[in-house]
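First residue of the sequence shown? That's 149 in our numbering, and the numbers climb one at a time after it.
From the three backbone atoms N, C-alpha and C, an ideal C-beta is built for every residue, glycine too.
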Amino acid sequence: MYSKNAWEKYNEKDVKKVMTFNEGYKKFISDCKTERECVKYAEKLAKDKGFKNINEFNKLQAGDKVYAINKGKNIACFIIGKESIENGINILGAHIDSPRIDLKQNALYEKDGFALADTHYYGGIKKYQWIARPLAIHGVVCKKDGSIIDVVIGEDDNDPIVYITDLLIHLSQEQLTKSGAKVIEGEDLDVTLAAIPDKDSEKDKVKNALLKLLKDKYDIDEEDFVSSEFEIVPAGIARDLGLDKSMVMGYGHDDRVCAYTSLMAILDTENVARTSCAILVDKEEIGSVGATGAQSKWFENTIAEIINKMTNYNDLILRHTITNSYMLSSDVSAGYDPLYTSAFERKNSAFLGNGITFNKYTGSRGKSGCNDAMPEYIAKIRKIMDDNNINFQTAELGKVDLGGGGTIAYILGNYNMNVIDAGIPVLSMHAPSEVVSKADVYEAYNAYKAFIKEIK
Ligand code: MN
Ligand code: MN
């Protein structure tokens, strides 16, 4: 019953392919640390592979490659199939938001000779992991005149970085008696931005000097922070991990590793029988809410637009299309960690290197909030994996009653389509640096390709 290590199946040529594919992935997560950056990058890759914006098509027919973008934070890439779209779409769905620290709207203040910024963290984090390490600022400032300024500070070797301080160990006797959740409080995650005072100012000298710098360098005024999105993320690139370079350590594997592999699976596919799609969504880490989350009507509307460009649109065709669709909710799973075995039930755990992981259900405390996939559907997928010699495993997210995880699976499941969570096991999930196995990245990419080609 137990899954097998994928490295053992690879010959020398295979290992080269695994390594090469992961170079592309490492570049993706090193360059893309916000939803917007992921969408821009994905659009460029899609265009390079012959995909065109949906607005450029009056009519769509079999073989057409088309993409749609929502508010700069979602992208969906479709390949139109030979069969009627009413038979359903084969969908890969991943999320491109990752846990991070956002600046508040009124962020800037000066205290004791430093200019600092107030923050509100995004998603589930162990707050103590995000301090005393190099951080970068990625984001946009939307000006009143309609212009948008892109900001990335802390990624170039010559860039400065920003930082959240920690109390020195010498004085931490009291701090270290607190529980892990309270060692660093949310309101103490304030980012240090500057320390040189402005000689001409009476008060707030350092903050004023910083504002002058922001104005000179980026044309940003303090009021502009109100209509900005600044995301504080770990600075630096993804790195090979292990002396054998078998793993990748980087920020945002959850869920950009499944986003990249799902996207590449669609981009590297031609001539599908059923219309196929990869969709990248936002806001999974905070409940898939809002216009750019998986609960948004945008994806449904986009499918309606596509149907309308293929045939005489009516509501029933749309409903048939969605109900008859199959989806992999491409999202990461908890990797079995040899240092924390007591959190896992071994035979229902995902092991790094053993391939793509299917979670029939996630959820917590009695499967609450999960999408419990149909066994009939799992049988179809199992056959496709075996037929294509893909290493796969099934797992739960740790021991019963210890916690649990979210998903977008149930949201698409609400449309009555078959959905299952399928992704790559991760160590240190939601930490500033997470870990995946290169073999799993490659197996997932091949699994996604086989799925969109063969599921019916
Ligand atoms: Mn996720
Ligand atoms: Mn997550």
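| Item | Value |
| --- | --- |
| Taking 7 angstroms as the threshold (beta carbon to beta carbon), is Ser490 in contact with chain B? | The structure shown contains no chain B; it is built from a single protein chain. |
| Thinking C-alpha only, which one of Ala242, Lys188 and Val583 is nearest Tyr408? | Ala242 |
| What does DSSP give as the partner residues of His243 in its beta bridges? | Val429 |
| Which residues are close to ligand 1, meaning CB closer than 6 angstroms to any heavy atom, in chain order? | His243, Asp402, Asp403, Glu432, Asp479 and Val480 |
| Classify Met458 as helix, strand or coil using the three-state DSSP reduction. | coil |
| For the segment 212-236, list the beta strand (DSSP E) runs that are entirely contained and at least 3 residues long, ordered along the chain. | 213-218 and 222-227 |
| Between which two residues does the beta strand (DSSP E) harbouring Ile434 extend? | Looking at the DSSP string, Ile434 is not in any beta strand (DSSP E), and its letter there is neither H nor E. |
| What does the alpha-carbon distance come out to for the pair Asp430 and Met458? | 28 angstroms |
| Where does the unbroken beta strand (DSSP E) through Glu379 begin, and where does it stop? | Ser376 to Pro382 |
| Less than 7 angstroms between the C-beta atoms of Ile237 and Cys406, yes or no? | no |
| For Asp260 and Glu544, what's the separation of their Cα atoms in angstroms? | 49 angstroms |
| Which residue from Ser581, Gln209, Glu335 and His578 puts its Cα closest to that of Thr423? | Gln209 |
| For Asp569, count neighbouring Cβ atoms within 10 angstroms of its own Cβ and tell me buried if that reaches 16, exposed if not. | buried |
| Would you check if the distance between the CB atom of Tyr558 and the CB atom of Asn507 is smaller than 7 angstroms? | no |
| So what does DSSP say about Ala190, is it helix, strand or coil? | helix |
| To the nearest angstrom, report how far apart Asp314 and Pro486 are at their CA atoms. | 29 angstroms |
| On the criterion of 16 or more Cβ atoms from any shown chain inside 10 Å, does Ser246 qualify as buried, or is it exposed? | buried |
| By Cβ distance, which residues of its chain are closer than 7 angstroms to Lys547, with the 5 residues on each side in sequence left out? | Ala491, Phe492 and Glu493 |
| Between Tyr311, Glu591, Trp446 and Asn218, which lies nearest to Val163 when the distance is taken from Cα to Cα? | Glu591 |
| If you scan the segment 297-347 from start to end, which runs of the alpha helix (DSSP H) of 4 or more residues do you find wholly inside it? | 328-331 |
| If you pair each beta-carbon of the segment 208-222 with each one of the segment 158-177, do three or more pairs fall below 8 angstroms? | no |
| If we call anything under 7 angstroms between Cβ atoms a contact, is Gly287 one with Ala383? | no |
| Taking C-beta to C-beta, are Ile414 and Cys225 nearer than 7 angstroms? | yes |
| Look up Phe447 in the DSSP assignment and say whether it is helix, strand or coil. | helix |
| Find out if the Cβ-Cβ distance for the pair Ser497, Tyr484 is shorter than 7 angstroms. | yes |
| In whole angstroms, give me the CA-to-CA distance for Glu191 and Arg184. | 11 angstroms |
| Does DSSP put His578 in a helix, in a strand, or in coil? | coil |
| Thinking C-beta only, is Leu240 closer than 7 angstroms to Tyr596? | yes |
| Report yes or no: do the segment 373-380 and the segment 389-398 share at least 3 C-beta pairs separated by less than 8 angstroms? | no |
| Reducing DSSP to helix, strand and coil, say where Thr168 ends up. | helix |
| In whole angstroms, give me the CA-to-CA distance for Val310 and Asp338. | 10 angstroms |
| Compute the Euclidean distance between the alpha carbons of Gly272 and Asp348, then round it to the nearest angstrom. | 43 angstroms |
| Can you tell me whether DSSP reads Pro282 as helix, strand or coil? | coil |
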